[in-house]
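K.L.:
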Amino acid sequence: MAVALRRMAVNVVGLGLFAVLLLIVIIGVADLLHDYTQGGRRWQQGDWMIHSLSGVVRRGTIGTVTLLLGDVTSINPLALTIALQIAIFVGLIFVLFLIGATVLTHPVQIAALVLPPFYPMMMVSRFDGMIYKEIIAFLALALLTLGVVRPHLARWLMPLGVAVLLIGCFAHEALVFFLPVAVFLIHLAGRTRFTDTLIAVLTAGTLAALAFALTYSKADPDAVCAELLIRGLSPILCEGPVSWLDETIAHAIDVTVHETRLIYLVEFFAVWLLAVLVLGYLLGRGPKQSLFLGFLTLFPFLPLFLLAFDFGRWFSFGFTSMVFVLLALGGFRRLPGQGALAVLVVLATSIITFGSTRGVYFSGLVNRALELLS
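Letter by letter, the sequence shown follows residues -2 to 371 in my numbering.
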């Protein structure tokens, strides 16, 4: 009887996990397809369209490839960019499903993956979506985590995760701050010559990506934009990250200082702190251990709080890293009240989302799903 009940719980976990992640995929893909009909969006595609055709510049690797590929194939570069976004996004959710199906043992644990600061939730529950380049880093962390929980696949998954993260670091300099959590996940796979080599390669590659970004930190936005316009792309793609390519780090810090609103920072911190405690409890951790791991995974991203006031993203970086670390560590205990807490989490995440710059607001996964149906 006990074995039968355990199998039933695992089956329910698998079905529940599949249903939740399928909804996330549907919303995310629908958002991206809608973006294509609108000619793209300044933040959601604009950063991916930065290129080095008019001079080498940070973040220009992916845009250079998609523009050149579009020239060769006569396929709209925006279509190629969105196809790439969909592939990475769906890949991330698929790997997350494989991780959950491997380590989650009770339905209440699924709620740990729908907390508002968890990036896959954050990026599809906002009114405007948020499928940015950091999904590359999260795909890398997911691959590394899957390598930990399925050790027979580690020989293939670990190098793949390292390669994906290095691609991400050259695509966006902020992703270099994922190095510590990636190293820790590799370490969880066991101390061997193989993992030591991977850590060395990842560290060297990340430092090279940072040096590249600092060396080629500025470019002429008009020249970058011109290459997009001559290919028939919308001018709106030039209004976001492209327009910042000639600004200095000092200017970015100055803007952050002047644009920061304490009330939003307090909102982000309070919800992040609550989410850390809830996440830990749902996975059988005590408050001290949860807080320690929460602050530890947030610490590497603290420099980003000076460079841009996207505080919601930075808190989400740390929180999502914590989720992957906990999934990799496993050993989830059953604690009293987890079921009721899971219900509250699902109700909350249905109507509340973690913003990027202006605090927490009402949207949520269910609201976005209803919006798609209307």
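Note that the Cβ used here is the ideal one computed from N, Cα and C, for glycine as well. Since this is a predicted model, take the numbers as computed values, not measurements.
Since G177 and I21 are thought to touch, with beta carbons under 8 Å apart, how far apart are those beta carbons, to the nearest angstrom?
P.N.:
Start at 1 with the first residue of the sequence shown, and residue 177 comes out as number 180. Start at 1 with the first residue of the sequence shown, and residue 21 comes out as number 24. One point to set straight first is that residue 177 is Pro, not Gly, in the sequence displayed. That belief does not hold up - the Cβ atoms of P177 and I21 are roughly 27 Å apart, past 8 Å.
K.L.:
Out of L303, I348, A139 and G229, which has the shortest C-alpha to C-alpha gap to G67?
P.N.:
Within the sequence shown, the letter at position 70 stands for residue 67. Of L303, I348, A139 and G229, the residue nearest in Cα terms is G229.
K.L.:
Please give me, in chain order, every unbroken run of the alpha helix (DSSP H) with length at least 4 that falls completely inside the segment 107 to 139.
P.N.:
As far as the segment 107 to 139 is concerned, its whole alpha helix (DSSP H) runs of at least 4 residues are 116 to 122.
K.L.:
Give every residue of the same chain whose Cβ lies closer than 7 Å to the Cβ of A1, excluding the five residues on either side of it in the sequence, and list them in chain order.
P.N.:
Within the sequence shown, the letter at position 4 stands for residue 1. Confidence at A1 is low in this model, with a pLDDT of 49, below 50, so the placement of that residue should be treated as unreliable; the coordinate-derived value is given next. So no residue of the chain qualifies.
K.L.:
Can you tell me which of the three DSSP states Y261 falls into?
P.N.:
One-based indexing of the sequence shown puts residue 261 at position 264. Three-state result, Y261: helix.
K.L.:
Along the chain, where does the alpha helix (DSSP H) containing I348 start, and where does it finish?
P.N.:
Position 351 of the sequence shown, counted from the first residue, corresponds to residue 348. Start and end: Q335 to I348.
K.L.:
Taking the beta strand (DSSP E) that V357 falls in, what are its first and last residues?
P.N.:
Start at 1 with the first residue of the sequence shown, and residue 357 comes out as number 360. Where V357 is concerned, the enclosing beta strand (DSSP E) stretches over V357 to F359.
K.L.:
Do the segment 336 to 350 and the segment 159 to 170 touch if we need at least three Cβ pairs shorter than 8 Å?
P.N.:
The segment 336 to 350 is not in contact with the segment 159 to 170.
K.L.:
If you follow the alpha helix (DSSP H) that I233 is part of, which residue opens it and which one closes it?
P.N.:
In the sequence shown, the residue the question calls residue 233 occupies position 236. Taken as a continuous stretch (DSSP letters only), I233 belongs to no alpha helix (DSSP H), as it is neither H nor E.
K.L.:
For F351, does the three-state DSSP call read helix, strand or coil?
P.N.:
As a first step, residue 351 must be located in the sequence shown, where it is residue number 354. The answer is strand: DSSP assigns F351 an E or B state.
K.L.:
V54 by DSSP, collapsed to three states: which one?
P.N.:
Taking the sequence shown and counting its residues from 1, one reaches residue 54 at position 57. Of the three classes helix, strand and coil, the one that applies to V54 here is coil, per DSSP.
K.L.:
For I24 versus L242, is the C-beta spacing smaller than 8 Å?
P.N.:
Indexing the sequence shown from 1 puts residue 24 at position 27. Indexing the sequence shown from 1 puts residue 242 at position 245. The answer is no: Cβ separation not under 8 Å.
K.L.:
Taking the alpha-carbon of T63 as reference, which of S51, V53 and M46 has the nearest alpha-carbon?
P.N.:
Within the sequence shown, the letter at position 66 stands for residue 63. Nearest option by C-alpha distance: M46.
K.L.:
In the DSSP assignment, the alpha helix (DSSP H) including T317 goes from what residue to what residue?
P.N.:
As a first step, residue 317 is located in the sequence shown; it is residue number 320 there, counting from the start. First-last of the alpha helix (DSSP H) with T317: F308 to L326.
K.L.:
Check H255 in the structure and name its three-state DSSP category.
P.N.:
Locating residue 255 in the sequence shown gives position 258, counting from the first residue. Residue state, collapsed to three classes: helix.
K.L.:
Please classify F91: does DSSP put it in a helix, a strand, or coil?
P.N.:
Residue numbering aside, residue 91 sits at position 94 when the sequence shown is read from its first letter. Note: F91 maps to helix in three-state DSSP.
K.L.:
Can you tell me whether L2 is helix, strand or coil according to DSSP?
P.N.:
The sequence position of residue 2 within the sequence shown is 5, counting from 1. In this predicted model, L2 has a pLDDT of only 48, less than 50, meaning its place in the structure is not dependable enough to derive any value.
K.L.:
Out of I72, L12, A76 and V69, state which residue places its alpha-carbon closest to the alpha-carbon of H31.
P.N.:
For the purposes of this step, residue 31 is taken as the residue at position 34 of the sequence shown. H31 has its Cα closest to that of A76, out of I72, L12, A76 and V69.
K.L.:
What ranges does the alpha helix (DSSP H) occupy inside the segment 267 to 314, keeping only unbroken runs of at least 4 residues that lie completely in it?
P.N.:
Counting only runs of 4 or more, we get 284 to 295 and 301 to 304.
K.L.:
Can you give the Cα-Cα distance for V54 and F135, rounded to whole angstroms?
P.N.:
Locating residue 54 in the sequence shown gives position 57, where the first residue counts as 1. Locating residue 135 in the sequence shown gives position 138, where the first residue counts as 1. Looking at the two C-alpha atoms, the distance is approximately 24 Å.
K.L.:
Between the Cα of L141 and the Cα atoms of R355, R56, P156 and L279, which residue gives the shortest distance?
P.N.:
Within the sequence shown, residue 141 is the residue found at index 144, counting from 1. Measuring from the Cα of L141, the nearest candidate turns out to be P156.
K.L.:
Output needed for L14: all residues of its chain with C-beta closer than 7 Å, excluding positions within five of it in sequence on either side, in chain order.
P.N.:
In the sequence shown, counting from the first residue as 1, residue 14 sits at position 17. Cβ within range, chain order: F94, G97, A98, L101 and I107.
K.L.:
My output table needs one value for A201: the three-state DSSP class, helix, strand or coil.
P.N.:
Counting from 1 along the sequence shown, the entry for residue 201 is found at position 204. Correct three-state label for A201: helix.
K.L.:
For H184, report the span of its alpha helix (DSSP H) as first-last.
P.N.:
Residue 184 sits at position 187 when you count from the first residue of the sequence shown. H184 -> alpha helix (DSSP H) spans L176 to L185.
K.L.:
Can you tell me where the alpha helix (DSSP H) with E224 in it begins and where it stops?
P.N.:
What you label residue 224 is simply residue 227 of the sequence shown in a count that begins at 1. Per DSSP, E224 belongs to the alpha helix (DSSP H) from P218 to L226.
K.L.:
Measuring alpha carbon to alpha carbon, tell me which of L162, C235 and A208 ends up nearest V221.
P.N.:
As a working note, residue 221 is residue 224 in the sequence shown. For the residues L162, C235 and A208, the minimum Cα distance to V221 belongs to C235.
K.L.:
Measure the CB-CB distance between H48 and G37 and report whether it falls below 8 Å.
P.N.:
Position 51 of the sequence shown, counted from the start, is the residue given in the question as residue 48. Position 40 of the sequence shown, counted from the start, is the residue given in the question as residue 37. Against a cut-off of 8 Å, the Cβ pair of G37 and H48 comes out as no contact.
K.L.:
Decide if the segment 174 to 192 is in contact with the segment 297 to 316; the criterion is three or more beta carbon pairs, one per stretch, under 8 Å apart.
P.N.:
The segment 174 to 192 vs the segment 297 to 316: in contact.
K.L.:
In whole angstroms, what separates the C-alpha of G43 from that of L262?
P.N.:
In the sequence shown, the residue the question calls residue 43 occupies position 46. In the sequence shown, the residue the question calls residue 262 occupies position 265. C-alpha separation (whole angstroms): 26 Å.
K.L.:
Measuring alpha carbon to alpha carbon, tell me which of F86, V254, T194 and F306 ends up nearest E131.
P.N.:
As a first step, residue 131 must be located in the sequence shown, where it is residue number 134. Of the candidates F86, V254, T194 and F306, the one whose C-alpha sits nearest the C-alpha of E131 is F86.
K.L.:
Give me the Cα-Cα distance between I227 and R39, rounded to the nearest whole angstrom.
P.N.:
On the sequence shown, position 230 is the one that residue 227 refers to. On the sequence shown, position 42 is the one that residue 39 refers to. For I227 and R39, the distance between alpha carbons rounds to 17 Å.
K.L.:
Helix, strand or coil: how does DSSP classify N73 here?
P.N.:
Mapped onto the sequence shown, residue 73 falls at position 76. Coil at N73, not helix or strand.
K.L.:
Could you spell out where the alpha helix (DSSP H) holding V363 opens and where it closes?
P.N.:
Position 366 of the sequence shown, counted from the first residue, corresponds to residue 363. Element bounds for V363: L362 to L370.
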